[in-house]
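K.L.:
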């Protein structure tokens, strides 16, 4: 038997995981995994003490913000054990990026995800480190609309799902504000007047799984997308591309910069979001840590370790 810590956010998504904990325990025990269960409170202070190397596996359940919080503790405690991410939030960008894209809304979906992971292997994925202290898994954003990711009414998210993220921005198109950004990527300086920027690890953001064609969560590189100042028509066309799931970097008012180290600053007051949660103030220093996190992945994941096939774990 293997011992796993199951840390979960009880209010993530539609609370499906909380309501089906017995099924999760039963299913994991069928794979020889028994659990210590930890319910993550809103003002958590104990996870760091609980999460130690006595566990063979860490299982995290929640949205991207919760998963990022768990990985943060893993790194702070210098744990090199595998991580199983059970996406139970609104967007689930991280699990999409490791080819576990489906939402968990039924018992069969939950069981299928566990089966898929435990018949798979492990893979090494990148993470971002912000200002030498804060982890992010998939996205760091700043500027217009960014506060919608953590200020959108939770009941609205529950009723309407991921669409709620995009309702507020459409009501603000006539009041777009631009920001003067000072950006350095791998030593090269860029000065941009922009509505917003988005630093991505992987291809997914919001409900869209192929936001950009070049995204890869395991290549040691992240993509910085800058939405430049432009006309209302150009912005409207850009939003239509987003809603259709097209690669937005093909638009003339979008600048894409790929790199490993990013410095982002501005004299303007800019709202920052990290994995859908409120982020720090400027300036921002971001370093990509290649292959820093060992995750359980399905067989179709492109960077899986074929030599590390899971037998129980």
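In this note's numbering, the protein residues as written are 1084 to 1396. By construction, the Cβ of each residue, glycine as well, lies at the ideal position given by its N, Cα and C atoms.
Suppose only complete runs of 4+ residues qualify. What are the alpha helix (DSSP H) ranges in the stretch 1106-1168, listed by chain order?
P.N.:
1130-1133 and 1147-1159
K.L.:
Using a Cβ cut-off of 8 angstroms (strictly closer), state whether residue 1195 contacts chain C.
P.N.:
The structure shown contains no chain C; it is built from a single protein chain.
K.L.:
Does DSSP put residue 1200 in a helix, in a strand, or in coil?
P.N.:
helix
K.L.:
Beta-carbon within less than 8 angstroms of residue 1211's beta-carbon, same chain only, minus the 5 sequence neighbours each way: which residues are those?
P.N.:
Result list for residue 1211: 1218, 1219, 1220, 1223, 1282, 1284, 1305, 1369, 1370, 1371 and 1372, in chain order.
K.L.:
Taking only runs that begin and end inside the stretch 1335-1362, name each unbroken beta strand (DSSP E) of 3 or more residues, in chain order.
P.N.:
1337-1342, 1344-1348 and 1355-1357
K.L.:
Starting from residue 1380 and walking both ways along the beta strand (DSSP E), at which residues does that stretch end?
P.N.:
1367-1380
K.L.:
Can you look up residue 1186 in the DSSP assignment and give me helix, strand or coil?
P.N.:
The answer is coil: DSSP assigns residue 1186 none of H, G, I, E or B.
K.L.:
Contact between the stretch 1354-1362 and the stretch 1323-1337 is defined here as three or more beta-carbon pairs at a separation below 8 angstroms; is this criterion met?
P.N.:
no
K.L.:
Excluding the 5 residues preceding and the 5 following residue 1274 in the sequence, name in chain order all residues of the same chain whose CB lies nearer than 8 angstroms to its CB.
P.N.:
1263, 1264, 1265 and 1266
K.L.:
Taking the DSSP output, what are the residues bridged to residue 1314?
P.N.:
Answer is none; residue 1314 lacks a bridge partner.
K.L.:
Taking Cβ to Cβ, would you say residue 1143 is nearer than 8 angstroms to residue 1175?
P.N.:
no
K.L.:
What's the C-alpha gap between residue 1395 and residue 1280?
P.N.:
Because residue 1395 carries a pLDDT of 44, less than 50, the predicted location of this residue cannot be relied on, and the following value inherits that uncertainty. Their Cα atoms are separated by approximately 42 angstroms.
K.L.:
Looking at residue 1157 and residue 1167, is the spacing between their C-beta atoms short of 8 angstroms?
P.N.:
In this structure, residue 1157 does not lie closer than 8 angstroms to residue 1167 by Cβ.
K.L.:
Is residue 1107 near residue 1138, with beta carbons less than 8 angstroms apart?
P.N.:
no
K.L.:
Comparing alpha-carbon positions, which option in 1299, 1093, 1123 and 1154 lies nearest residue 1341?
P.N.:
1299
K.L.:
Output the distance between the C-alpha atoms of residue 1307 and residue 1271, rounded to the nearest integer angstrom.
P.N.:
Roughly 13 angstroms separates the two Cα atoms.
K.L.:
Excluding the five sequence neighbours on either side, which residues of its own chain have a C-beta within less than 7 angstroms of the C-beta of residue 1353, listed in chain order?
P.N.:
1225, 1226, 1262 and 1365
K.L.:
For residue 1326, list the residues DSSP reports as bridge partners.
P.N.:
BP columns for residue 1326 are empty, so no partner.
K.L.:
Could you name the residues of the same chain whose beta carbon sits closer than 8 angstroms to that of residue 1186, not counting the 5 residues immediately before and after it, in chain order?
P.N.:
1096, 1170, 1175 and 1192
K.L.:
Can you tell which of 1200, 1110 and 1161 has the C-alpha that lies nearest to the C-alpha of residue 1131?
P.N.:
1161
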